[in-house]
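Down below is the structure, laid out as structure tokens.
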Amino acid sequence: MEILKGVSLRVETGQVVSIIGPNGAGKSTVFKTLFGLLPVRQGHVRFAGEDVTNEPPAALLGRGLAYVPQGRNVFPLMTVEENLRLGAYIRPRSAELDREVERVYDTFPMLREARRKRAADLSGGQQQMLEMGRALLLRPRLMLLDEPTLGLAPRVFREIFRIIEDLRRLGQTILMVEQNAAKALEISDYAYVLELGLNRFEGSGEAIRNDERIRRLYLGR
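Shown next, in the form of structure tokens:
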């Protein structure tokens, strides 16, 4: 079954770009395709100027593409710190890596407090932060965030968005699918609206957020 029928996306270095749209629009399928988990049958995927169409995930990781999927994908019996360091498994152990782990803790203070806890004992929000921190240790050129606030309490939801804004200020490039479209658009440089596997609208986050048609059809306003 063909889910994506005509999707064209572009993410510039240092941008936060959001993909919004109704359930079943193909948003998460875009990420699985970009990350080599689903085949591209037509078209191309280019990353950092090179054609990476249908490259396997391991190769894309090596190129600097990090994917934080929906749900909680941590190693439950390992500690927070052990989980984090697994994110840098393709890098040798070094003093520089130790400093980067500390920078992740600076970004996610909740993780520093829980660094010796098993991942299974963390809250859903802490597990989401752990996944994002683990991805950052790959030094990604592009981070794919699939529904980063799904199922989180409002306080943690706000904290995740604050962290994404901080990462943006630090120059991290992010492509994000987010259920809370209005909030995602507030922090996005650019956005795409998908419906039935097709691009319906695109523009700056502000322009999409203020478009009356989009507000009525997709933002429930």
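Residues 822 to 1042 (this note's numbering) are what the sequence shown spells out, left to right. Quick reminder that beta carbons are idealized off the backbone N, C-alpha and C, glycines included.
For residue i, count neighbouring C-beta atoms within 10 Å of its own C-beta (all shown protein chains included) and say buried if the count is 16 or more, exposed if not.
i	result
Q993	buried
S944	exposed
M822	Any reading at M822 is ruled out, since the residue's pLDDT is 45, under 50, leaving its predicted position unreliable.
F856	buried
R976	exposed
S1009	buried
D967	buried
R990	exposed
L898	exposed
Checking the sheet assignment: what are the DSSP bridge partners for residue i?
i	result
L905	Answer is none; L905 lacks a bridge partner.
N1020	L1015
I841	V1014
D872	R867
A887	M964
M997	S839 and L966
R939	T900
I'd like the list of long-range same chain contacts for residue i, defined as Cβ closer than 6 Å, with 5 residues on each side in sequence excluded.
i	result
R1021	V1014
L1006	A1012, G1026, I1029 and R1030
Taking 6 Å as the line, does the beta carbon of residue i fall inside it for any heavy atom of the ligand MN?
i	result
G1026	The model on display carries no ligand, and the ligand MN is accordingly not part of it.
Alpha carbon to alpha carbon, how far is residue i from residue j?
i	j	result
P878	L965	13 Å
D987	E876	31 Å
L907	Q891	19 Å
R960	G885	7 Å
T970	Q863	31 Å
R920	N1031	42 Å
T928	R867	30 Å
V901	A887	19 Å
E903	I985	23 Å
Near residue i, what residues of its chain come up, given a Cβ to Cβ distance below 8 Å and the 5 sequence neighbours on each side ignored?
i	result
L973	G945, G946, Q949 and I981
Residues in the same chain with beta-carbon distance under 7 Å from residue i, minus the five sequence neighbours each way, listed in chain order, please.
i	result
V832	V838, L963, T994 and L996
L859	T850 and K853
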